[in-house]
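Chemist: My questions will all concern the structure given below.
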Amino acid sequence: MVGKSRKLKKLERTMAKAVSYDQWRTAALEHDELSGKRRWREVDQTSQYDYAQIRLRLDRIRSLRARHDHHGLLFTLNEGIHGNMGGMGRSSLYRQAKFGTKKLIEQYIDEVDESLRYLAEIDNALINPQQKLDFFYRANVCFGRSALMLSGGGVLGFYHLGVVKTLLEQGLLPRVISGSSAGSLVAGVLGTHTDKQLEHFYSPANVLFEAEKEASVFSRMFFGANPQIDVGDLGRLVARMIPDLTFQEAYEKTGRQISITVAPAEPHQRSRLLNAITSPNVYVRAAVMASCAVPGVFPPVMLMAKNVHGEAQPYLPTRKWVDGSIADDLPAKRLSRLYSTNHYIVSMVNPIAIPFLKKEGSRSAMGAALGSLGVGMGRELLNFYRGVVQRQGDNWPRFNMFMHSVHALIDQEYSGDINIVPSFRWYNPAKLLSHLSEKDLIELMEGGAHSTYPSVEPIRICTKISRTMEELLNRFETGDLRPAVAAAHRPRASRRRPPPTRADRAKLRASEKADKVA
10 MVGKSRKLKK LERTMAKAVS YDQWRTAALE HDELSGKRRW REVDQTSQYD
60 YAQIRLRLDR IRSLRARHDH HGLLFTLNEG IHGNMGGMGR SSLYRQAKFG
110 TKKLIEQYID EVDESLRYLA EIDNALINPQ QKLDFFYRAN VCFGRSALML
160 SGGGVLGFYH LGVVKTLLEQ GLLPRVISGS SAGSLVAGVL GTHTDKQLEH
210 FYSPANVLFE AEKEASVFSR MFFGANPQID VGDLGRLVAR MIPDLTFQEA
260 YEKTGRQISI TVAPAEPHQR SRLLNAITSP NVYVRAAVMA SCAVPGVFPP
310 VMLMAKNVHG EAQPYLPTRK WVDGSIADDL PAKRLSRLYS TNHYIVSMVN
360 PIAIPFLKKE GSRSAMGAAL GSLGVGMGRE LLNFYRGVVQ RQGDNWPRFN
410 MFMHSVHALI DQEYSGDINI VPSFRWYNPA KLLSHLSEKD LIELMEGGAH
460 STYPSVEPIR ICTKISRTME ELLNRFETGD LRPAVAAAHR PRASRRRPPP
510 TRADRAKLRA SEKADKVA
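Numbering of the sequence shown is given in my numbering, commencing with residue 10 and proceeding in unit increments.
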């Protein structure tokens, strides 16, 4: 027993010091074998999900596909494709073992994935192409999509780069990405650079170069000790890292649907989520500048947009904008309305939220209850003081603004379905206010990459079906999978799609001209 305990501790140290995901994965599998969790994965039964329902559906889908019953398979899948079938999406199921979850859940997801590909590839003579297309659009809307949300957090924003690096390497980076404050800078980079360009960005030589360039800039950008902040530093940093593209142009270049939150500089206004749907002509650079404009450190920013003549002009010229994390650090509800997302991966470095979040699986039920109680009491206390201040009206204008900002910060939801958080719970304020060296920044990035390792397999499992449907729909839309259904129309229920690209608009204009000639 003592020897087993020592081996488990040794494996845990190996996982903690792993310098690559493969190294972490090998140690995690050994840990599960030694601890008995591999056996837990292989047994269907547990009270945490409806294993009988999952087993029944798995056997039925397998049988239908083996018998080539195409219509029966289509009907069965139509009965319900969603990520929480029988409770299989419950987070506790992904906390028991170091790697993966119940084999039954993994087998079910693999079978649905293979069945979707099977139906997409079969000949149009066997299933009506319009019926097939309708099914995939409807299933895509019902199942939903995943989004990556990058929080604000000042100099800790370099942590996000490590999280993104791991997700990119594993082919798991969602196409829907939001960023606030420091997170907006990373979202802006992702939305304006292709995968090939990001490979260069993450090369060791370039990472070191960027860390050296940005060490002093980041330390002054957010919470800097130097009271004379040069806003030009922020502008030069953003200009170097983000091309001069609008949200629409960025989407056309990369296919990534990035959103950036900004908060109003004036009271009684609402925050905005800027993206290729809500503000296609706004420049990504300007949005990032506004989202990074920490009140009291940087002046509010006026957004800029490209007009019909291709010239830059003010966007909503009577308004200015500041740090997006103040009002909507993690805009899950807005992303859901715009992109049909219902599964959220959160990279959290906001120092306000970090103390209340734990790594997946490390928080006890009592700890979670006490944490929720503490947050609830804090919100109630803030609501009381806010009411007192509001009744005073114009007597305390500055304090009123301060309380409004504090209330907006506290009264937010700071977690998602999968939370990736730093190993530290409290960040030393003295270090947050001090100069960060390139070594500090690289350590933050490596910490983000390492913190993502335990979440890789849960993300892979939970997003596999949505990634497959997205891939198949793209193939349908490019004609790869529907040579005989070029004239097929998209069903009304699934029109929440990305905005038309420049090529789409050119084709539409050409078609309209042809109709007029005819």
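Glycine is no exception: its CB is placed at the ideal position from the N, C-alpha and C atoms.
First and last residue of the alpha helix (DSSP H) that includes MET454?
Modeler: Segment 447 to 486, the alpha helix (DSSP H) holding MET454.
Chemist: So, under 8 angstroms CB-CB, ASN274 and SER280 are touching, yes? Tell me the CB distance rounded to an integer number of Å.
Modeler: Strictly speaking, residue 274 in this sequence is Ala, with Asn absent from that position. Actually they do not touch by this definition, with Cβ atoms about 11 angstroms apart.
Chemist: Please report the residue range of the alpha helix (DSSP H) in which VAL271 lies.
Modeler: Element bounds for VAL271: not the alpha helix (DSSP H) but the beta strand (DSSP E), 266 to 273.
Chemist: Could you check which residue in PHE152, MET454, ARG47 and ASP338 has the C-alpha nearest to that of VAL173?
Modeler: For the residues PHE152, MET454, ARG47 and ASP338, the minimum Cα distance to VAL173 belongs to MET454.
Chemist: For HIS352, count neighbouring Cβ atoms within 10 angstroms of its own Cβ and tell me buried if that reaches 16, exposed if not.
Modeler: With 16 or more Cβ atoms within 10 Å of its Cβ, HIS352 is classed as buried.
Chemist: Spatial neighbours of LEU533 within its chain, please: CB distance less than 7 angstroms, with the 5 preceding and 5 following residues excluded, ordered by chain position.
Modeler: No statement about residue 533 is possible, as the shown extent of the chain runs from 10 to 527 and does not include it.
Chemist: Taking 8 angstroms as the threshold, find out whether the stretch 461 to 478 comes into contact with the stretch 131 to 142 through three or more Cβ pairs.
Modeler: Result no; under three Cβ-Cβ pairs closer than 8 angstroms.
Chemist: Kindly indicate which residue of LEU243, GLY109 and SER14 has the alpha-carbon position closest to the one of THR35.
Modeler: Selected option, being the one with the closest Cα: GLY109.
Chemist: State buried or exposed for PHE218, treating a residue as buried only when at least 16 other CB atoms are found within 10 Å of its CB.
Modeler: Classification for PHE218: exposed.
Chemist: Can you tell me the Cα-Cα spacing of GLY370 and ALA106, whole angstroms?
Modeler: The predicted model places GLY370 with a pLDDT of 41, which falls under 50 and marks its position as unreliable; any figure quoted below should be read in that light. Straight-line Cα distance between these residues: approximately 10 angstroms.
Chemist: With contact counted as at least three CB pairs below 8 angstroms, one residue from each stretch, are the stretch 45 to 56 and the stretch 298 to 313 in contact?
Modeler: Touching, no.
Chemist: Between the C-alpha atoms of ARG469 and LEU181, what's the straight-line distance to the nearest angstrom?
Modeler: Whole-angstrom Cα-Cα distance: 7 angstroms.
Chemist: Just to confirm, are PRO534 and THR255 a CB contact at a threshold of 8 angstroms?
Modeler: Summary: the structure shown does not reach residue 534, with the chain confined to residues 10 through 527, and so no result is reported for it.
Chemist: Would you report the Cα separation of MET478 and ASP68, rounded to the nearest angstrom?
Modeler: If you take the alpha carbons of MET478 and ASP68, they lie about 22 angstroms apart.
Chemist: How would you call TYR127, buried or exposed, if buried means at least 16 neighbouring beta carbons within 10 angstroms?
Modeler: TYR127 comes out exposed.
Chemist: For PHE307, which residues from the same chain have a beta carbon less than 6 angstroms from its beta carbon, with the 5 sequence-adjacent residues on both sides left out?
Modeler: Within the same chain, PHE307 has close Cβ partners VAL240.
Chemist: Using only alpha-carbon positions, find the residue among GLY162, LEU282 and ALA296 that is nearest to ALA248.
Modeler: The shortest Cα separation from ALA248 among GLY162, LEU282 and ALA296 belongs to ALA296.
Chemist: Starting from the C-beta of SER345, find all residues in its chain whose C-beta is less than 7 angstroms away, skip the five residues before and the five after it, and write them out in chain order.
Modeler: Cβ neighbours of SER345 beyond the five flanking positions: ASN351.
Chemist: Terminal residues of the continuous alpha helix (DSSP H) containing GLN206?
Modeler: Here the alpha helix (DSSP H) through GLN206 covers 204 to 210.
Chemist: Given this structure, state the Cα-to-Cα distance separating ARG294 from GLY197, to the nearest angstrom.
Modeler: Taking the straight line from one Cα to the other gives about 8 angstroms.
Chemist: Assuming ILE131 and HIS79 are in contact, meaning their beta carbons sit under 8 angstroms apart, how far apart are those beta carbons, in whole angstroms?
Modeler: Between HIS79 and ILE131 the Cβ distance is about 6 angstroms, and since that is below 8 angstroms, they are a contact.
Chemist: Can you look up MET311 in the DSSP assignment and give me helix, strand or coil?
Modeler: Reduced to three states, the DSSP call for MET311 is coil.
Chemist: Exposed or buried, which one is THR487 when buried takes at least 16 other CB atoms within 10 Å?
Modeler: Exposed, because fewer than 16 other Cβ atoms sit within 10 Å of the Cβ of THR487.
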